[in-house]
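In what follows, a structure is listed as structure tokens, so that the remarks can point back to it.
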Amino acid sequence: MLKLLQVIKMEIKKPLAYIIRPKNLNEIVGQDHLVGKSGVITKMINNDQLFSMILYGPPGVGKTTIATILSDKFGINSFTFNASTDKKSDLKEIILKSKNYGCLLVIDEIHRMNKDVQDYLLPHVESGNVLMIGLTTNNPYHSVNRAIRSRCHVLKLKEIDSNDIFNLLKKVSKSKEDYLKCNYTDEVLKYISVNSGNDIRSSINSLEILAMAYENEDIDIEMAKKVLLKPSLALDKDEDNYYNILSAFQKSIRGSDVDASLHYLARLLVMEDLESILRRLTVIAYEDIGFGNPSIITKMDACYNAVVRIGMPEARIPLSLLVIDMALSPKSNTAEVSIDKAIKDINAGLTPKIPNHLINVANFEDKAKYIYPHDYEEALVYQQYLPDSLKNKVYFEGIPSGKYEKALLSQNVKIKKVIKK
């Protein structure tokens, strides 16, 4: 006999971040340069004039919200297109539907849009039949087709300050609508706002998760930490924030700020992307330290091997050792500057004839004698090595960055007295 199955219908609730999403520009937090009284988007609405744009900024700062408000305010046919998941055929269908009246097309993750899709969209944006709002976490000057970008206004949204997030969370938690059936201490709200990765959506989600875990309770900081295990960090390697941390890491070591160097190392370690850390440290060893402390290159190799062998969490220790050593080492970019000078000359077409005595097999009629340096004291002898038109060219100048480079500079002076005369 078949048993009757009882079907329990569960109400699927919309996320709190969606429910309380701003309906008007003046409700948006932290973007006054765009939506304040003198903001460009506010003026656009006041003048009843909509133009194609790319909204660029970190996650959870209001890009989608602004696009939604603009769509509602102007009241024209609007469509959404996700460049990650939707296909060219989906875009063709949208264009077909709007060919007589035009449309507003909101493109999420526009930096992921394939070139052929961008090429298809371009003439419709150019003609004005499609007004486009592209949304991206990536710098559009690096990630969006120049032809598309040149037909749009690029507007950057700012990272939200943790104080603004705190004030918003406090407002939501005290709302008359009673979205959250529990009480939060200010310490909890501060903890969420500081550890949200400056992402409003993430912070509201954290608030909602706590409400689900502790319904009708007074939530303190210890209760919050049990549920919100880790600070929210932007981990997507496709986002600018990831590369901003790597950039800040290298610049802090280059600037010899050991504390800042360790701070950014810690942020990278939380992401557990050891390969990128090691790659960047290798670049720093050659590009920023170089002759200042050449032993750092050997230490870099030793650290690399140790990190690969032991992995996390122990890998943090050899990495810390190396980063402290790098930050406090004398700095020299002489190697980079010197080779770039030489490459600049080559790119400018300065590739004159090599002196005959340096060629493996010289013409019999014009044979020149090569002088073998090892036959002379200290392997130094007067002889021209650069082509005639460049014989006085200087690529290596160097700086007295540390003992080693000072010794190289001294040796270079001594050598030139013999081989150049």
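In short: position in the sequence shown from 1, add 108, done, that's this note's numbering.
Glycine residues also receive a C-beta, built at the ideal position from the N, C-alpha and C atoms.
No experiment lies behind these values; they were computed from the predicted model shown.
Using a 10 Å radius around the Cβ and a threshold of 16 neighbouring Cβ atoms, would you call residue i buried or exposed?
i: A435; result: buried
i: V252; result: buried
i: P421; result: exposed
i: G165; result: buried
i: V521; result: exposed
i: P438; result: buried
i: E325; result: exposed
i: K171; result: buried
i: E323; result: exposed
i: P126; result: First, the residue type needs correcting, since residue 126 is Tyr and not Pro in the sequence shown. The residue is exposed, with fewer than 16 neighbouring Cβ atoms inside 10 Å.
i: Q157; result: exposed
i: H261; result: exposed
i: A410; result: exposed
i: R309; result: buried
i: H219; result: buried
i: D224; result: exposed
i: V143; result: buried
i: L389; result: buried
i: N313; result: buried
i: Y484; result: exposed
i: V296; result: buried
i: V378; result: exposed
i: T459; result: exposed
i: N349; result: buried
i: D307; result: buried
i: D448; result: exposed
What residue from the options has the CA that sits closest to residue i's CA?
i: M152; options: L263, Y164, E513 and V252; result: L263
i: Q107; options: L382, T245 and N190; result: Nothing in the structure corresponds to residue 107, since the chain is present only between 109 and 529.
i: Y412; options: F399, E383 and G398; result: E383
i: D272; options: S301, K501, I353 and T193; result: S301
i: E486; options: A393, K514, Q519 and E330; result: Q519
i: V391; options: A414, A443, N349 and G506; result: A443
i: K181; options: Q139, N132 and P495; result: N132
i: R259; options: F159, K223 and S310; result: F159
i: I467; options: G305, P495, V445 and K449; result: P495
i: E513; options: I353, N441 and E217; result: N441
i: E505; options: V137, S179 and L517; result: L517
i: V280; options: P460, L142, V502 and R129; result: R129
i: V214; options: I268, V238 and E380; result: V238
i: D269; options: G242, K282 and N303; result: N303
i: G419; options: L376, M408, E380 and P167; result: E380
i: L370; options: R254, A414 and P426; result: P426
Please state whether DSSP places residue i in a helix, a strand or coil.
i: M161; result: strand
i: S283; result: coil
i: E240; result: It is Met, not Glu, that sits at residue 240 in the sequence shown. Residue state, collapsed to three classes: strand.
i: I479; result: coil
i: T390; result: helix
i: T188; result: strand
i: I136; result: coil
i: L336; result: coil
i: V546; result: Because residue 546 is not part of the residues shown, which for the chain are 109 to 529, the question remains open.
i: D365; result: coil
i: I312; result: helix
i: I149; result: helix
i: D326; result: strand
i: F399; result: helix
i: E486; result: helix
i: V169; result: coil
i: N155; result: coil
i: I385; result: helix
i: A342; result: Only weak support is given to the placement of A342: the predicted model assigns it a pLDDT of 48, under 50, and the question is left unresolved by the model.
i: E380; result: coil
i: S358; result: Checking the sequence shown, residue 358 turns out to be Gln, not Ser. Q358 falls in the helix class under three-state DSSP.
i: K181; result: helix
i: Y350; result: helix
i: I128; result: coil
Could one say the Cβ of residue i lies closer than 7 Å to chain B's Cβ atoms, at least one of them?
i: M152; result: In the displayed structure, chain B is absent; only one protein chain is listed.
Could you say if the segment 430 to 446 and the segment 399 to 410 meet the contact criterion of at least three C-beta pairs nearer than 8 Å?
Touching, per the Cβ criterion.
Whole alpha helix (DSSP H) elements within the segment 405 to 476, 4-residue minimum:
As for any alpha helix (DSSP H) of minimum length 4 sitting wholly inside the segment 405 to 476, the runs are 424 to 436 and 442 to 455, ordered along the chain.
Which full runs of the beta strand (DSSP E) of 3+ residues lie inside the segment 240 to 310, going along the chain?
Entirely contained in the segment 240 to 310, the beta strand (DSSP E) runs reaching 3 residues are, in chain order, 261 to 264.
Check whether the segment 229 to 237 touches the segment 135 to 149, taking contact to mean three or more Cβ pairs, one atom from each stretch, closer than 8 Å.
Taking 8 Å as the limit for Cβ pairs, the verdict is that the segment 135 to 149 does not touch the segment 229 to 237.
Evaluate contact between the segment 477 to 491 and the segment 452 to 459, counting only Cβ atoms and requiring at least three cross-stretch pairs below 8 Å.
No: fewer than three Cβ pairs fall under 8 Å.
Counting Cβ pairs, one atom from each stretch, are 3 or more of them under 8 Å apart for the segment 281 to 299 and the segment 311 to 322?
Taking 8 Å as the limit for Cβ pairs, the verdict is that the segment 311 to 322 does touch the segment 281 to 299.
Looking at C-beta atoms only, is the number of pairs between the segment 195 to 208 and the segment 273 to 283 that lie closer than 8 Å three or more?
With the cut-off at 8 Å, the segment 195 to 208 and the segment 273 to 283 do not touch.
Just checking, does the segment 242 to 252 make contact with the segment 201 to 211 on the three C-beta pairs under 8 Å criterion?
Contact fails: fewer than three Cβ-Cβ distances are below 8 Å.
Could you name each continuous beta strand (DSSP E) segment of 3 residues or more that falls completely within the segment 188 to 238, going from the start of the chain to the end?
Fully enclosed beta strand (DSSP E) runs of 3 or longer: 211 to 216.
Is it the case that the segment 351 to 369 contacts the segment 476 to 484, given that we only count it when at least three CB pairs across the two stretches are under 8 Å?
Too few Cβ pairs lie closer than 8 Å, so no.
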